[in-house]
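Q: One structure, pasted below without further comment.
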Amino acid sequence: MADETRPTTTEHSSGGDRPDRGERRGPRPAGGPGGGREGGRKYFRRKKVCKFCVEKIEAINYKDVRLLAQFVAESGKIVPRRLTGVCTPHQRRLSTAIKQARNIALLPFAGRAS
Amino acid sequence: MNRTYELMFIVRPDMLEEDLNKLTSTLESQVTTSGGVVKSVDNWGKRRLAYTVRKFSDGIYVLLTAEGSGGLIHELERRLRVTEPVIKFLTVRIDEEQKRLDKIKKIRESRKKAPPPAPAEAGGETAAVTA
Numbered sequence: 001m002a003d004e005t006r007p008t009t010t011e012h013s014s015g016g017d018r019p020d021r022g023e024r025r026g027p028r029p030a031g032g033p034g035g036g037r038e039g040g041r042k043y044f045r046r047k048k049v050c051k052f053c054v055e056k057i058e059a060i061n062y063k064d065v066r067l068l069a070q071f072v073a074e075s076g077k078i079v080p081r082r083l084t085g086v087c088t089p090h091q092r093r094l095s096t097a098i099k100q101a102r103n104i105a106l107l108p109f110a111g112r113a114s
Numbered sequence: 001m002n003r004t005y006e007l008m009f010i011v012r013p014d015m016l017e018e019d020l021n022k023l024t025s026t027l028e029s030q031v032t033t034s035g036g037v038v039k040s041v042d043n044w045g046k047r048r049l050a051y052t053v054r055k056f057s058d059g060i061y062v063l064l065t066a067e068g069s070g071g072l073i074h075e076l077e078r079r080l081r082v083t084e085p086v087i088k089f090l091t092v093r094i095d096e097e098q099k100r101l102d103k104i105k106k107i108r109e110s111r112k113k114a115p116p117p118a119p120a121e122a123g124g125e126t127a128a129v130t131a
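For the record, the sequence lines run as chains A and B. So the first sequence is numbered by the working numbering: it starts at 1 and just counts up by one. So the second sequence is numbered by the working numbering: it starts at 1 and just counts up by one.
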């Protein structure tokens with residue numbers, strides 16, 4: 001748990017020009033793979049972009065199950081945004097839409113979506 | 001009095017089509033008598049449910065979009081609750097969302113019509129940022 005980065009914290013990164021994955025530790029070795037990072041995490045996860053921002057999808061409706069299902073895990077859980085790279089406002093709307101879809105039996109609460 | 005709502009309800013799969021039509025027309029007339037406007041009625045047909053609802057694993061989805069006051073929806077939902085074949089329903093208010101989407105569309109269109117001053121400058125700017 002100590003190894004995981006916390007993306008939602010303040011921009012306390014040294015230098016200040018690392019917009020995402022704000023590191024609170026000291027300066028990282030320039031360039032190379034995440035340097036000295038244990039925990040089996042992939043090196044230097046490429047800068048994930050928010051799918052909705054890129055494709056300019058504005059309306060996240062509870063009715064388009066195919067879109068929502070991309071952000072739902074096998075177990076039916078909503079995938080956290082640090083894994084999907086979605087930006088905060090879109091994640092909030094996505095989350096509401098998924099919960100609405102679950103309520104109307106378009107997505108399961110738990111288990112694989114058949 | 002111009003709130004737009006989207007009401008989606010699921011009907012048990014073994015319901016006959018004419019009964020379903022009767023039900024939807026009853027709801028529509030309810031909307032109009034309460035002073036609302038029915039925007040659209042969309043029947044999605046039979047779909048597999050993600051989980052069993054009242055021991056059914058399939059259901060007929062119907063989407064009803066209507067414009068009216070909150071009391072209208074209250075009445076509609078009350079009816080749906082007592083209607084036996086309806087097994088689930090969900091109401092969403094969509095006028096605020098629609099307003100937001102229209103605003104964004106307008107901004108996008110105005111941006112397209114009148115491109116930002118000196119597109120070369122804008123291009124140079126973005127190039128500098130990504131470099």
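Every residue, glycine too, gets a C-beta built ideally from N, C-alpha and C. The model shown is predicted, which means the values in this text are computed figures rather than measured ones.
Which ranges would you report for the beta strand (DSSP E) in the region 3–59 of chain B if only whole runs of at least 3 residues count?
A: 3–11 and 37–53
Q: Decide yes or no for the touch test of the region 96–113 of chain A against the region 64–81 of chain A: beta carbon pairs closer than 8 Å, at least 3 of them.
A: Segments in contact, yes.
Q: Between which two residues does the beta strand (DSSP E) holding LYS88/B run?
A: 86–93
Q: Distance check for GLU97/B and LEU27/B, CA to CA, integer angstroms please.
A: 24 Å
Q: Within 8 Å (strictly less), CB to CB, does ALA59/A reach chain B?
A: yes
Q: Would you mind stating whether VAL37/B and GLU67/B have Cβ atoms separated by less than 8 Å?
A: yes
Q: In terms of alpha-carbon separation, which member of GLY70/B, LYS113/B and VAL82/B lies closest to TYR5/B?
A: GLY70/B
Q: Please report whether the beta-carbon of LEU49/B lies at a distance below 8 Å from any beta-carbon of chain A.
A: yes
Q: Cα-Cα, which of GLY45/B, ILE73/B and LYS55/B is closest to THR32/B?
A: Closest option to THR32/B, Cα to Cα, is ILE73/B.
Q: Kindly examine the ligand PLP and report whether one of its heavy atoms sits closer than 7 Å to the Cβ of PHE109/A.
A: No copy of the ligand PLP occurs in the structure displayed, which carries no ligand at all.
Q: For a cutoff of 8 Å on Cβ pairs, would you count MET15/B as touching chain A?
A: no
Q: Distance, Cα to Cα, LYS99/B vs GLN91/A?
A: 20 Å
Q: Do ILE60/A and ARG93/A come within 8 Å of each other at the CB atom, strictly closer than that value?
A: yes
Q: I'd like to know whether the C-beta atoms of ARG48/B and SER34/B end up nearer to each other than 8 Å.
A: No, Cβ-Cβ distance for ARG48/B and SER34/B is not below 8 Å.
Q: Any idea what DSSP makes of VAL62/B, helix, strand or coil?
A: DSSP places VAL62/B in the strand class (E or B) of the three-state scheme.
Q: Name the DSSP beta bridge partners of VAL72/A, please?
A: ILE78/A
Q: Between which two residues does the alpha helix (DSSP H) holding THR88/A run?
A: 88–103
Q: Taking C-alpha atoms, which residue in ASP102/B, ILE94/B, TYR61/B and LEU90/B lies nearest to ASN141/B?
A: Only positions 1 to 131 of chain B appear in the structure, and residue 141/B is not among them; the question remains open.
Q: Mind listing the chain B neighbours of ALA73/A? Cutoff is C-beta to C-beta under 9 Å, in chain order.
A: Ordered by position in chain B, no residue passes the 9 Å Cβ test against ALA73/A, which lies about 14 Å from the chain.
Q: Near MET15/B, what residues of its chain come up, given a Cβ to Cβ distance below 7 Å and the 5 sequence neighbours on each side ignored?
A: Closer than 7 Å at the Cβ level, and outside the excluded window around MET15/B, lie ILE60 and PRO85.
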